[in-house]
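A.B. asks: The following block contains the structure, expressed as structure tokens.
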Amino acid sequence: GGSGRASGSGPALLGHPQQQQQQNAPKPQPRNSVIRKIMQQTIGENFEHSSIPQMQSFVNSVETYCATTESLASLGKSLYTSTTMVFVVDELMRIILWNDFAIKLSGFGREEMAGRNLLNDVPFLVPPQTANALSEALARCMQGVPLTGTMLEFTKRDRSKLTLLTTCTPLLSNPAGQGMLVIGHDISHVSQPLIPPPAPAVQYDNKSLAGTPAISDHG
């Protein structure tokens with residue numbers, strides 16, 4: 001049998017822009033397609049034929065790309081550490097992000113949820129009516145229409161109910177394709193319905209009015 005070990009080039013799956021500067025080679029490292037694309041757009045295929053303005057444009061473009069990447073990483077971190085439940089699904093309703101608060105509220109870990117289809121794979125978490133509501137929300141998001149104020153009920157690991165007031169927004173410009181970002185506020189502790197019926201207040205007012213001679217028996 002084989003040794004079971006893959007002889008790879010190390011952990012650098014994503015080439016860092018600085019790696020190219022460290023390599024003193026006339027050709028760019030092919031592993032980073034984004035940097036190669038920026039180079040082709042600003043310099044061309046070869047460094048030696050580039051002008052100073054082209055080099056400046058290349059450096060500026062790489063810096064912009066790195067800043068954007070850092071910004072997205074920061075955004076991703078804030079979503080993961082948010083104190084509201086946040087999850088993201090792709091166009092097939094498979095989970096591609098399940099944040100820390102989602103784990104805390106639901107009791108289900110990221111490893112259990114990643115890649116699972118919310119409509120089919122996790123009936124222990126998603127009741128049928130919630131699956132229907134999610135399906136409708138995703139259909140709207142696919143058309144670019146957000147859905148705000150939807151109440152979704154989930155079943156936690158301890159079998160208690162988790163009620164979320166959610167905002168479902170389209171996931172735009174995602175390299176992996178279209179999808180939906182769901183932000184949910186836990187309202188499980190709020191007595192249902194959310195807005196108390198006006199009947200008790202109206203009855204109270206009627207009693208007060210009935211005991212007021214000045215306006216009783218007029219009408």
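Residue numbers for the sequence shown follow full-length UniProt numbering, so the first one is 1 and each next one is one higher. Heads up, the beta-carbon is just placed ideally off N, CA and C, and yes, glycines get one too. Just so you know, these numbers come straight off a predicted model, no measurement behind them.
#1: Can you pull the DSSP bridge partners for residue 185?
#2: In whole angstroms, give me the CA-to-CA distance for residue 83 and residue 172.
#3: Output needed for residue 57: all residues of its chain with C-beta closer than 6 Å, excluding positions within five of it in sequence on either side, in chain order.
#4: Residue 148 lies in the beta strand (DSSP E); which residues open and close that run?
#5: Here's a check: name, in chain order, each residue in its chain whose Cβ is nearer than 7 Å to the Cβ of residue 54, leaving out the five neighbours to either side.
#6: Kindly indicate which three-state DSSP category residue 109 falls into: helix, strand or coil?
#7: Would you report the Cα separation of residue 106 and residue 155, rounded to the nearest angstrom?
#8: If we ignore side chains and look at the alpha-carbon of each, how far apart do residue 116 and residue 129 end up?
#9: In angstroms with no decimal places, state the Cα-to-Cα distance between residue 137 and residue 178.
#10: Look up residue 87 in the DSSP assignment and say whether it is helix, strand or coil.
#11: So which of 91, 87, 134, 92 has the shortest CA-CA distance to residue 113?
#12: Using 10 angstroms around the beta-carbon of residue 30, count the other beta-carbons present and answer buried if the total reaches 16, otherwise exposed.
#13: With DSSP run on the structure shown, which of helix, strand or coil describes residue 117?
#14: Using a Cβ-Cβ cutoff of less than 8 Å, which residues in the same chain neighbour residue 187 once the five nearest sequence positions on both sides are dropped?
#15: Quick check: the Cα distance between residue 35 and residue 71, rounded to an integer number of angstroms?
#16: With residue 118 and residue 97 assumed to form a contact (beta carbons below 8 Å), what rounded beta-carbon distance in angstroms separates them?
C.D. replies: According to the structure shown:
#1: 165
#2: 23 Å
#3: 42
#4: 147–155
#5: 42, 43
#6: coil
#7: 7 Å
#8: 18 Å
#9: 13 Å
#10: strand
#11: 87
#12: Legend: pLDDT at residue 30 = 47, less than 50; position of this residue unreliable, no value from coordinates given.
#13: strand
#14: 151, 163, 164, 165, 194
#15: 17 Å
#16: Wrong, their Cβ atoms sit about 12 Å apart, outside the cutoff.
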